[in-house]
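A.B. asks: Input: one structure, supplied below.
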Amino acid sequence: MQRPVAIEPISPFRDPEGSLGALPAELASMALVAASDIALVLDADGYIRDVAHNGVELAREGCEAWIGQRWVDTVSRETRIKVEELLAASPVEGLPPARQVNHLSPRGVELPVRYSVVSIGRGRRLAVGREMRSFAALQSRLVEAQHATEREYARLRDVEMRYRLLFQMSSEALLIVDAATRRVAEANPAAERILGGGGRRVVGRPLAASFATDDAGALDRLAARARTAGRADGAQARLPDGATLDVSAALFRQEATAFLLIRLGGATAGQAPSDEARAVAGVIAAAPEAYVATDDDGAIRYANMAFLNLAQLAAQEQAIGASLDRFLGRPGIDLNVLISTLRETGSVRLFSTSLRGEFGSVVDVEICAARTEEGDAPLYGFLIRNIEGRAGQTRDGVLPRSVEQLTELVGRVPLKDLVRETTDVIERLCIEAALELTGDNRASAAEMLGLSRQSLYVKLRRYGLGDLDDVDG
């Protein structure tokens with residue numbers, strides 16, 4: 001077994017005298033300058049006795065001015081210890097490890113140089129250096145490139161997260177299918193609900209396996225058209241239970257793999273809707289009262305024209321997929337109360353709230369709602385009646401005028417707002433009574449109420465009582 005050969009980091013000439021002979025000092029100086037960026041001749045006390053450099057840039061740094069100075073005085077405070085270690089190394093121990101020090105430049109910048117020190121006899125030493133600014137610049141560019149790469153990765157992760165969230169939250173049934181194998185790579189929850197009935201698995205299976213056997217050819221032709229033209233529409237396929245779906249496909253590539261984005265829509269029974277069903281749908285669409293149908297999460301599946309007018313929407317597409325909670329008076333409260341009640345009892349009558357339009361309008365409404373089943377998924381229908389002109393109703397910013405009106409606000413307004421409005425009602429009634437008792441003498445009314453005249457005028461303005469045009473302040 002051979003013993004491994006030790007590899008020396010520095011290997012000088014084996015026979016320097018025979019190889020170089022009596023090399024003249026001038027040639028030795030030229031060789032040093034050619035092989036390094038800078039060389040310093042140091043005496044036994046560490047003073048710089050001579051300087052040789054290679055390059056215009058080093059000449060601009062004023063290296064010639066170092067002659068006569070101590071080497072340790074020409075470097076930055078942080079790197080003096082390295083110079084002292086280089087000078088303290090024993091000449092008989094061989095070449096000490098190279099160290100990087102930073103010289104002080106007259107231009108106010110630091111000049112990094114990596115030095116090796118060798119003894120040249122009679123107490124003198126030679127410090128041979130390699131200027132490291134280009135290496136430092138390369139390191140800086142590398143760090144900047146790494147930071148840019150990390151920022152790009154973070155941006156791509158954010159983009160992927162947003163699109164994946166859109167894919168998962170979409171009310172439309174979407175599939176991602178491998179264009180070569182025709183197997184489903186991903187399916188959003190809406191597609192799982194449609195195709196995964198009866199515990200059927202969707203992801204990982206061939207696309208055609210989720211549909212009727214007779215429609216496999218139509219799906220293959222749809223995929224082929226999408227691969228050729230980039231997208232394909234107008235195909236229909238039947239589910240095993242007979243329901244018919246409109247199927248469209250669009251091609252996209254991820255790295256070297258082609259995928260198809262399959263969109264499923266229009267799930268209907270196998271036969272055309274009956275005349276009675278069409279008549280009912282027409283009545284709901286033309287009804288003067290707003291009607292909305294949502295899924296179990298409150299996402300709107302259908303909205304008639306009356307609802308679009310109340311919500312200040314221009315087209316039904318703006319409502320489909322949006323949450324009904326977005327339009328109700330108390331986001332996060334009203335819809336949760338309605339759906340919870342519907343899950344427990346199946347219906348809700350005369351639920352009072354308000355409805356906000358897309359452009360800020362607010363109207364008081366009453367909601368009647370019912371729950372039904374659409375296949376395996378519940379469907380909620382909401383009949384929304386505008387009661388803005390009904391006697392006894394109040395608008396936002398207008399105070400109720402009786403306790404009966406206050407009780408009508410229970411369930412629509414938080415308790416703290418009810419308490420505040422109750423206080424306002426009592427205060428207004430007291431002011432009206434004082435004015436009536438004093439024959440509309442405001443000075444006497446203020447004294448009776450224990451208020452200053454100025455405070456009384458402020459409250460009169462607040463409640464809109466009396467003619468204050470002749471009152472100054």
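Its first residue numbered 1, the sequence shown is counted upward by one per residue in full-length UniProt numbering. Idealized CB from N, CA, C, for every residue including glycine. If you're wondering where the values come from, they're calculated on a predicted model, not measured in any experiment.
(1) With distance defined between alpha-carbon atoms, name the residue in ALA377, TRP66, ALA232, GLY217 nearest to ARG238.
(2) Is the CB-CB distance between GLU358 and ILE387 below 8 Å?
(3) Cα separation between TYR457 and GLU447?
(4) Given a threshold of 16 other Cβ atoms within 10 Å of its Cβ, counted over all protein chains shown, does THR294 qualify as buried or as exposed?
(5) Give me the Cα-Cα distance between MET132 and ILE38, rounded to the nearest whole angstrom.
(6) Checking 8 Å against the spacing of the C-beta atoms, do ARG231 and ALA249 come in under that value?
(7) How is TYR47 classed by DSSP in three states: helix, strand or coil?
(8) Using alpha carbons as the reference points, say which of ALA44, GLY46, GLU64 lies closest to ALA52.
(9) With H, G and I counted as helix, E and B as strand and the rest as coil, what does DSSP make of ASN309?
(10) Using only CA atoms, which one of VAL41, ASP334, TYR153 lies nearest to residue 494?
(11) Provide the residue span of the alpha helix (DSSP H) that contains VAL159, from first to last.
(12) With which residues is TYR115 paired in a DSSP beta bridge?
(13) Quick check on the DSSP output: what are the complete alpha helix (DSSP H) runs of length 4 or more inside the segment 324 to 385, in order along the chain?
(14) So, is HIS103 buried or exposed, given that buried needs 16 or more other C-beta atoms within 10 angstroms?
(15) With C-beta atoms as the reference, is LEU342 less than 8 Å away from ILE262?
(16) Using DSSP bridges, identify the partner residues of PHE259.
(17) If contact is defined by three or more beta carbon pairs under 8 Å, each pair taking one atom from either stretch, is the segment 181 to 194 in contact with the segment 204 to 212?
(18) Taking the alpha-carbon positions, what's the LEU383 to ALA306 distance?
(19) Would you check if the distance between the CB atom of ARG225 and the CB atom of ALA179 is smaller than 8 Å?
(20) Would a C-beta distance cut-off of 8 Å place LEU195 and ALA223 closer than the cut-off?
(21) Of all the options SER119, VAL75, PRO97, which has the alpha carbon lying nearest to the alpha carbon of VAL109?
(22) Taking the straight line between their C-alpha atoms, what separation do you get for ALA314 and ALA303?
(23) Assign GLN236 to one of three DSSP states: helix, strand, or coil.
(24) Assign SER210 to buried or exposed, taking buried as 16 or more other Cβ atoms, counted over all protein chains shown, within 10 Å of its Cβ.
(25) Within the same chain, show all residues whose beta-carbon is closer than 8 Å to that of SER452, passing over the 5 residues directly before and after it, in chain order.
(26) May I ask which residues mark the beginning and end of the alpha helix (DSSP H) holding ARG225?
(27) Which residues does DSSP pair with ILE300 in a beta bridge?
(28) Would you give the residue range spanned by the alpha helix (DSSP H) that VAL83 belongs to?
(29) At which residues does the alpha helix (DSSP H) containing ALA202 begin and terminate?
(30) Return the residue from the list PRO331, GLY381, ALA369, ASN336 that minimises the CA-CA distance to ARG349.
(31) For the beta strand (DSSP E) containing GLU172, list its first residue and its last residue.
(32) Does the separation of the CB atoms of LEU42 and ALA98 fall below 8 Å?
(33) With distances taken from CA atoms, which of GLY332, ASP325, THR372 is nearest LEU344?
(34) For ALA434, is the classification buried or exposed, using 16 other Cβ atoms within 10 angstroms of its Cβ as the cut-off for buried?
(35) For ASN309 and ASP214, I'd like the C-alpha separation in whole angstroms.
(36) Suppose you measure from the CA of ARG157 to the CA of HIS147; what does that come to, to the nearest Å?
C.D. replies: On the basis of the data shown:
(1) The residue labelled residue 238 in the question sits at position 238 within the sequence shown. GLY217 is the residue among ALA377, TRP66, ALA232, GLY217 whose C-alpha sits nearest the C-alpha of ARG238.
(2) Here residue 358 corresponds to residue number 358 of the sequence shown, with the count starting at 1. Here residue 387 corresponds to residue number 387 of the sequence shown, with the count starting at 1. Result no, Cβ atoms of GLU358 and ILE387 do not sit closer than 8 Å.
(3) Here residue 457 refers to the residue found at position 457 when the sequence shown is read from its first residue. Here residue 447 refers to the residue found at position 447 when the sequence shown is read from its first residue. Put simply, the backbone Cα of TYR457 is about 13 Å away from that of GLU447.
(4) Here residue 294 corresponds to residue number 294 of the sequence shown, with the count starting at 1. Counting Cβ neighbours within 10 Å, THR294 comes out buried, since at least 16 surround it.
(5) Taking the sequence shown and counting its residues from 1, the one referred to as residue 132 is at position 132. Taking the sequence shown and counting its residues from 1, the one referred to as residue 38 is at position 38. Distance between the alpha carbons of MET132 and ILE38: 11 Å.
(6) Counted from its first residue, the sequence shown places residue 231 at position 231. Counted from its first residue, the sequence shown places residue 249 at position 249. The answer is yes: Cβ separation under 8 Å.
(7) Counting from one through the sequence shown, the residue named residue 47 turns up at place 47. Strand, per DSSP.
(8) Looking up residue 52 in the sequence shown gives position 52. Closest option to ALA52, Cα to Cα, is GLU64.
(9) Here residue 309 is taken as the residue at index 309 of the sequence shown, counted from 1. When secondary structure is reduced to three states using DSSP, ASN309 falls in the helix class.
(10) With the chain running from 1 to 473 in the structure shown, residue 494 is simply not present.
(11) Position 159 of the sequence shown, counted from the first residue, corresponds to residue 159. From DSSP, the alpha helix (DSSP H) with VAL159 extends over 133 to 169.
(12) As a working mapping, residue 115 is identified with position 115 in the sequence shown. According to DSSP, TYR115 bridges with ARG99, GLY129.
(13) As for any alpha helix (DSSP H) of minimum length 4 sitting wholly inside the segment 324 to 385, the runs are 334 to 345, ordered along the chain.
(14) Taking the sequence shown and counting its residues from 1, the one referred to as residue 103 is at position 103. With a threshold of 16 other beta carbon atoms within 10 Å, HIS103 meets it and is buried.
(15) Walking along the sequence shown from the start, residue 342 turns up at place 342. Walking along the sequence shown from the start, residue 262 turns up at place 262. No; because the gap between Cβ atoms is not below 8 Å, this pair is not in contact.
(16) Numbered from its first residue, the sequence shown carries residue 259 at position 259. Note: PHE259 sits in a beta bridge opposite ASP178, PHE252.
(17) Output reads yes: the segment 181 to 194 touches the segment 204 to 212.
(18) Here the question's residue 383 lines up with position 383 in the sequence shown. Here the question's residue 306 lines up with position 306 in the sequence shown. The alpha-carbon atoms of LEU383 and ALA306 are separated by roughly 10 Å.
(19) The sequence position of residue 225 within the sequence shown is 225, counting from 1. The sequence position of residue 179 within the sequence shown is 179, counting from 1. No, these two residues do not count as a Cβ contact at 8 Å.
(20) Translated into the one-based positions of the sequence shown, residue 195 becomes position 195. Translated into the one-based positions of the sequence shown, residue 223 becomes position 223. Taking 8 Å as the Cβ cut-off, LEU195 and ALA223 do not qualify as a contacting pair.
(21) Within the sequence shown, residue 109 is the residue found at index 109, counting from 1. For the set SER119, VAL75, PRO97, the Cα lying nearest the Cα of VAL109 is the one of VAL75.
(22) The sequence position of residue 314 within the sequence shown is 314, counting from 1. The sequence position of residue 303 within the sequence shown is 303, counting from 1. Roughly 12 Å separates the two Cα atoms.
(23) Residue numbering aside, residue 236 sits at position 236 when the sequence shown is read from its first letter. GLN236 sits in a strand when the DSSP states are folded into three classes.
(24) Against the sequence shown, residue 210 aligns to sequence position 210. Using a 10 angstroms sphere on the CB of SER210, the tally of other CB atoms reaches 16 or more, which defines it as buried.
(25) Within the sequence shown, residue 452 is the residue found at index 452, counting from 1. Around SER452: ALA446.
(26) Position 225 of the sequence shown holds residue 225. Where ARG225 is concerned, the enclosing alpha helix (DSSP H) stretches over 216 to 229.
(27) Translated into the one-based positions of the sequence shown, residue 300 becomes position 300. The partner list for ILE300 (beta bridge, DSSP) reads THR294.
(28) What you label residue 83 is simply residue 83 of the sequence shown in a count that begins at 1. Run containing VAL83: 80 to 88, per the alpha helix (DSSP H) assignment.
(29) Position 202 of the sequence shown holds residue 202. Looking at the sequence shown, residue 202 is not Ala but Val. Careful: VAL202 lies outside any alpha helix (DSSP H) and carries neither H nor E.
(30) For the purposes of this step, residue 349 is taken as residue 349 along the sequence shown, with counting starting at 1. Minimum Cα-Cα distance from ARG349 among the listed residues PRO331, GLY381, ALA369, ASN336 corresponds to ALA369.
(31) One-based indexing of the sequence shown puts residue 172 at position 172. Bounds of any beta strand (DSSP E) do not take in GLU172, whose DSSP letter is neither H nor E.
(32) Your numbering for residue 42 matches position 42 in the sequence shown. Your numbering for residue 98 matches position 98 in the sequence shown. Between LEU42 and ALA98, the C-beta gap is not smaller than 8 Å, which leaves the two residues out of contact.
(33) Mapped onto the sequence shown, residue 344 falls at position 344. Reading off the sequence, residue 344 comes out as Glu, not Leu. When each option's Cα is compared against that of GLU344, the closest is THR372.
(34) In the sequence shown, residue 434 corresponds to position 434, counting from 1. Only buried fits ALA434, as 16 or more other CB atoms lie within 10 angstroms of its CB.
(35) For the purposes of this step, residue 309 is taken as the residue at position 309 of the sequence shown. For the purposes of this step, residue 214 is taken as the residue at position 214 of the sequence shown. Answer to the nearest angstrom: the Cα atoms are 44 Å apart.
(36) Position 157 of the sequence shown, counted from the start, is the residue given in the question as residue 157. Position 147 of the sequence shown, counted from the start, is the residue given in the question as residue 147. Between the alpha carbons of ARG157 and HIS147 lies a distance of about 15 Å.
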